[in-house]
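Following numbering that gives the first Met the number 0, the numbering of the sequence shown begins with 0 at its first residue and continues without gaps. Positions of the beta carbon are idealized from the N, C-alpha and C atoms, including for glycine. Encoded as structure tokens, the structure appears first; notes follow it.
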Amino acid sequence: MKSVNEIEQLVSENNQLAKHAIHVHKFGGSSLASVECIERVVNIIKNHCKLNDFVVVSANGKTTDALVNIYQQALDASAELDASIHGLQLAQQLLINTLLKSHSKQLITLLEQDIELLKAWVVNTPTDDKNIEKNEANILALGELWSARLLSAILSERVCPSYFVDARDFLVVNNDQDCVVDDSLSQQQFSVLLQNEKLAVVTGFIAKNAAGDNCTLGRNGSDYSATIVASLVGALHVTLWTDVDGIYSADPRIVPLARKLNRLPNGVARELGRLGNPVLHAKTLQPLENHSAHLHIASSFDPNTSGTEVGRFGQIAKSELSVTYLNDLIIAKSVSLTGSYGEQAIKQFSAICSDINAGFIVITQNRQKALSQWLASHDTEVSFTPVSIIAIVGHEVAKHGDVKAQFKRALKNYQTMHIVSSTNEHSLIAVLPHSCTGETVNNVHHDMTKDARHIGVVIAGVGNIGERFLEMLPAQMERIPALENVHLVGLVSSKKAIISRDGIDATQAYELFQKESYAVQKRRFIIMVI
Ligand code: ADP
Ligand code: ASP
Ligand code: MG
Numbered sequence: 000m001k002s003v004n005e006i007e008q009l010v011s012e013n014n015q016l017a018k019h020a021i022h023v024h025k026f027g028g029s030s031l032a033s034v035e036c037i038e039r040v041v042n043i044i045k046n047h048c049k050l051n052d053f054v055v056v057s058a059n060g061k062t063t064d065a066l067v068n069i070y071q072q073a074l075d076a077s078a079e080l081d082a083s084i085h086g087l088q089l090a091q092q093l094l095i096n097t098l099l100k101s102h103s104k105q106l107i108t109l110l111e112q113d114i115e116l117l118k119a120w121v122v123n124t125p126t127d128d129k130n131i132e133k134n135e136a137n138i139l140a141l142g143e144l145w146s147a148r149l150l151s152a153i154l155s156e157r158v159c160p161s162y163f164v165d166a167r168d169f170l171v172v173n174n175d176q177d178c179v180v181d182d183s184l185s186q187q188q189f190s191v192l193l194q195n196e197k198l199a200v201v202t203g204f205i206a207k208n209a210a211g212d213n214c215t216l217g218r219n220g221s222d223y224s225a226t227i228v229a230s231l232v233g234a235l236h237v238t239l240w241t242d243v244d245g246i247y248s249a250d251p252r253i254v255p256l257a258r259k260l261n262r263l264p265n266g267v268a269r270e271l272g273r274l275g276n277p278v279l280h281a282k283t284l285q286p287l288e289n290h291s292a293h294l295h296i297a298s299s300f301d302p303n304t305s306g307t308e309v310g311r312f313g314q315i316a317k318s319e320l321s322v323t324y325l326n327d328l329i330i331a332k333s334v335s336l337t338g339s340y341g342e343q344a345i346k347q348f349s350a351i352c353s354d355i356n357a358g359f360i361v362i363t364q365n366r367q368k369a370l371s372q373w374l375a376s377h378d379t380e381v382s383f384t385p386v387s388i389i390a391i392v393g394h395e396v397a398k399h400g401d402v403k404a405q406f407k408r409a410l411k412n413y414q415t416m417h418i419v420s421s422t423n424e425h426s427l428i429a430v431l432p433h434s435c436t437g438e439t440v441n442n443v444h445h446d447m448t449k450d451a452r453h454i455g456v457v458i459a460g461v462g463n464i465g466e467r468f469l470e471m472l473p474a475q476m477e478r479i480p481a482l483e484n485v486h487l488v489g490l491v492s493s494k495k496a497i498i499s500r501d502g503i504d505a506t507q508a509y510e511l512f513q514k515e516s517y518a519v520q521k522r523r524f525i526i527m528v529i
């Protein structure tokens, strides 16, 4: 641990470095949903961005949902199709005309051209699978294209020189299921597009696949786009600006009593994304694995409130639990899903959870057709049943028998088909034979987190009594269940201190104090603790 002076010096050096470090700011659809929202984003960019930073954007508000709907209406030859396209055009026109001055004419013309293209794509809907996917990807891309073009034009008019980048011009992934990035090709293509001393606004969500066709990174994929851009340009910071001020112990819109998690370990964040938490697309953490960029979730509606930091943290962050759920899943049961075939299927169909001894995997509904085809070659019987899951996510929760028992108790009034652990042991997942309702999530969250008030203890006085107290503390914490949420966070003598908001291992605390405590004045110490 460092002294306060050393910390202050480091902070000042880091601030100097940070002045030159590239920062990627991603704004989700909810942050760009209306004129007021976009004005807020422009202010955030004014206050937080430098010229060579990168802004990654999602489509405005629910534009992607509207495009998905239009595409479905085209397939169904719905009578509503023209009205839906017109509604979308009007919504974009309103944003352009209200937010832009000199650039508005140019953007309206580009919008009209895109609407003509959209009309042509929906009239000629292809019938073969490959062209259906291509056509859908072309249609869905319009949302991010419009949003990036608009924000870049606003910034150029009012804030700083800016340019817009269509990610399909540089980002190449293997296919639109795995979305593994071809780093060297993408980096090489990106470097050609970069302009110095300007702020780039990059489309999230869209890319090209290895065959050169347009594709998407899956719903909520702009989070992944942001961390991909960060890894390609060597950014040190990524902020995902959204409509909540961090990641909570459950969806705060469904569970009013959910608590904000200030610090989230990487593995836990990855597992939350994998299990469908919309704040983090499942692959968001992947590009940062070999890269030291720091990930932060913040609210564009309340930019001064501290959000959630995702990274490597100690004891306290590791003891947090959260509850998440996913509806519209399918459980597939077959003898072909046991043993090594089961393992293959888990990988190939990105199983949410599985048991290869019992022969089942749970997958998203859109993978059912592909799994059926894969199983057909094995000529065994398979059953598919609609299910949902509810999960407890936390650092290595599956290793704690008491958490599993508590989870079972919390579910005692609900029908459950299976309770399984994820392979990374960061979640316990219950498979339910019906949809998971808000009421279930609230009840399970209440039962699992009602005792989760973390209490930090600072031992003041490290003389004979303090030393003896420290000796006894680890055994007492182990022995008394009521101390489960008590964490040692500091040791102070009359002249020296160590403080760690991440928690200090009580068994090593005295040694740590001897080696790493630093001189501190009382007044300053109180400020540090607060
Ligand atoms: P964006 O438009 O910024 O991409 P999303 O709508 O994709 O934002 O994700 C943010 C939403 O995620 C929030 O409005 C919230 O309702 C939902 N959500 C679900 N689970 C959580 C959670 N554990 N913590 C915070 N938000 C959550
Ligand atoms: N616009 C896309 C979606 O709605 C991608 C994203 O928002 O991240 O899923
Ligand atoms: Mg999202």
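Leaving aside the five residues that flank phenylalanine 406 on each side, the residues in its chain whose CB is nearer than 8 Å to its CB run, in chain order, Ile391, Ile418, Leu427, Ala429, Val443, Met447. Glycine 310 has Pro264 as its beta-bridge partners, per DSSP.
With respect to the 8 Å criterion, glutamate 288 and serine 421 are not classified as neighbours on the basis of their beta carbons. In the displayed model, glycine 272 falls within a helix according to three-state DSSP. The Cβ atoms of valine 519 and leucine 487 lie no closer than 8 Å to each other.
Annotated three-state conformation of phenylalanine 300 is coil, per DSSP.
Counting only heavy atoms of ligand 1, the residues whose C-beta sits closer than 6 Å to one of them are, along the chain, Gly27, Gly28, Ser29, Ser30, Ser57, Asn219, Thr241, Asp242, Val243, Ile246, Tyr247, Ala249, Asp250, Pro251, Arg252, Asn276, Pro277, Val278, Ser321. Note: valine 172 is bridge-paired with Val180, Asn208 in the DSSP secondary-structure output. With a contact defined as Cβ atoms closer than 8 Å, lysine 25 and alanine 225 qualify at about 4 Å.
Rounded to the nearest whole angstrom, the C-alpha separation of isoleucine 107 and leucine 117 is 15 Å.
Judged by DSSP in its simplified three-state form, asparagine 134 adopts helix.
Residue pairing from DSSP places tryptophan 240 in a beta bridge opposite Phe26, Ala297. Contact between the region 341 to 358 and the region 308 to 322 is absent: fewer than 3 CB-CB pairs across the two stretches fall below 8 Å. Taking C-alpha positions only, glutamate 132 is separated from cysteine 214 by approximately 8 Å. In this structure, serine 146 lies near serine 57, with their beta-carbon atoms less than 8 Å apart.
Taking the Cα of valine 440 as reference, the smallest distance to any Cα among Ile205, Gln367, Thr323 is reached at Thr323. With fewer than 16 other CB atoms across the displayed protein chains lying within 10 angstroms of its CB, leucine 89 is exposed. Per DSSP, reduced to three states, the secondary structure at lysine 495 is strand.
In this structure, the beta-carbon distance from isoleucine 205 to threonine 241 does not fall below 8 Å. DSSP, read as helix, strand or coil, puts cysteine 352 in strand. Isoleucine 362 carries a strand assignment under DSSP once its states are collapsed to helix, strand and coil. At a cut-off of 7 Å, the beta-carbon of glycine 338 does not count as near ligand 2: no heavy atom of the ligand is closer than that. Counting every other CB atom within 10 Å of its CB across the protein chains shown gives lysine 368 a total below 16, marking it as exposed. In this structure, aspartate 64 has its beta carbon at no less than 7 Å from each heavy atom of ligand 3.
The three-state secondary structure of alanine 390, taken from DSSP, is strand. Following the DSSP letters along the chain, one finds lysine 407 inside the alpha helix (DSSP H) bounded by residues 400 to 409.
The residues Val254, Ala257, Arg258, Lys259, Leu260, Ser321, in chain order, have a CB closer than 8 Å to that of tyrosine 247 in the same chain once the five nearest residues on each side in sequence are set aside. Serine 339 counts as exposed, since fewer than 16 other beta carbons sit within 10 angstroms of its beta carbon. Threonine 97 sits exposed, since fewer than 16 C-beta atoms from the chains shown fall within 10 Å of its C-beta. In the three-state DSSP reduction, alanine 249 falls in the coil class, being neither helix nor strand. The beta-carbon distance between phenylalanine 163 and serine 151, rounded to whole angstroms, is 4 Å. This is short enough to meet the 8 Å contact definition.
Proximity of the beta carbon of glutamate 395 to ligand 2 is not indicated: no heavy atom of the ligand is located closer than 7 Å.
In this structure, the straight-line span from the alpha carbon of threonine 238 to that of proline 432 is close to 37 Å.
Taking asparagine 412 as the centre and dropping the five residues before and after it, the same chain places no C-beta closer than 7 Å to its C-beta.
Non-local C-beta neighbours of aspartate 181 in its own chain, meaning closer than 6 Å and more than five positions away in sequence, comprise Val171, ordered along the chain.
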